[in-house]
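Our numbering numbers the first residue of the sequence shown as 226 and each following residue consecutively.
Glycine residues also receive a C-beta, built at the ideal position from the N, C-alpha and C atoms.
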Amino acid sequence: MDRRFRGSVRGMALEWIVPMAIFGAFVSSSSATWMRRQRRLDEGRAKLRTAGWAVPVRVRSTFPMDIRGEVIVETSFDEATAIEAVAACAIDAGYQRAAAIGITAAFRRGSEWKALSSFDLVDVPSEIALWVEAPSTAGLTRLRCVMTYRTNAHYVSEEDIEQSTIEFSSVVRALQPRSIARPSP
226 MDRRFRGSVR GMALEWIVPM AIFGAFVSSS SATWMRRQRR LDEGRAKLRT AGWAVPVRVR
286 STFPMDIRGE VIVETSFDEA TAIEAVAACA IDAGYQRAAA IGITAAFRRG SEWKALSSFD
346 LVDVPSEIAL WVEAPSTAGL TRLRCVMTYR TNAHYVSEED IEQSTIEFSS VVRALQPRSI
406 ARPSP
């Protein structure tokens, strides 16, 4: 066999190794995130059954993904305690505190890059924002709580709606609400 031919065959084999390795890593990573997501959904379903109530989210766009949950909550917590309750819940869910102008407290998680190779909402760019609507009166603090999930890398599935409802409900539940209302459009 000609040496040039053997060298070109070896070169072709090497050209296929890198794409196959990348594809294998993608499949492995996707499988792991899918299993992680199923575990989170099962745990969240159990929490919702225990709580007995959920705060639904609204799908604003199926593709690209745009999911939003928004409520007005009245709680017996003062402003600082309410913010710390939401912060504890958000940090437990993988969010990081973020600076924001005009918002009482903001938290962010995920990225477009992570969302490309994941089936889990944990990797989708998402935000939790909290505004104090009215100072404490009669022992109640009125807060506006908004949670959004947006990415160009996903379409909205039934599992996404369920998982975002579970997460939003846990944030609202952390405030130990006395009342919950949808904001006026």
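Alpha-carbon spacing of residue i relative to residue j, whole angstroms
i	j	result
F332	R261	22 Å
Q263	T376	20 Å
I386	R283	8 Å
L411	S301	No statement about residue 411 is possible, as the shown extent of the chain runs from 226 to 410 and does not include it.
W259	D345	7 Å
A312	V243	42 Å
R285	Y374	10 Å
S336	E240	30 Å
A406	V280	10 Å
C370	E268	23 Å
V357	R334	22 Å
E352	M372	6 Å
A399	S342	31 Å
S221	M245	Outside the displayed span of the chain (226 to 410) sits residue 221, for which this structure offers no information.
E384	P350	17 Å
D291	Q388	14 Å
V397	R322	17 Å
Q401	E299	9 Å
T193	S395	Residue numbering for the chain in the displayed model covers 226 to 410; residue 193 lies beyond these limits and cannot be assessed.
D303	I247	51 Å
R293	L355	14 Å
I391	D317	14 Å
T362	W278	26 Å
A310	K339	27 Å
A359	I326	18 Å
F393	I328	18 Å
Paired residues, beta bridge with residue i - DSSP
i	result
Y374	I292, S351
R322	F332
A359	R367
V298	L368, I405
R283	R293
Residue i: first and last residue of the uninterrupted alpha helix (DSSP H) it sits in
i	result
V396	383-399
V311	304-317
A340	337-341
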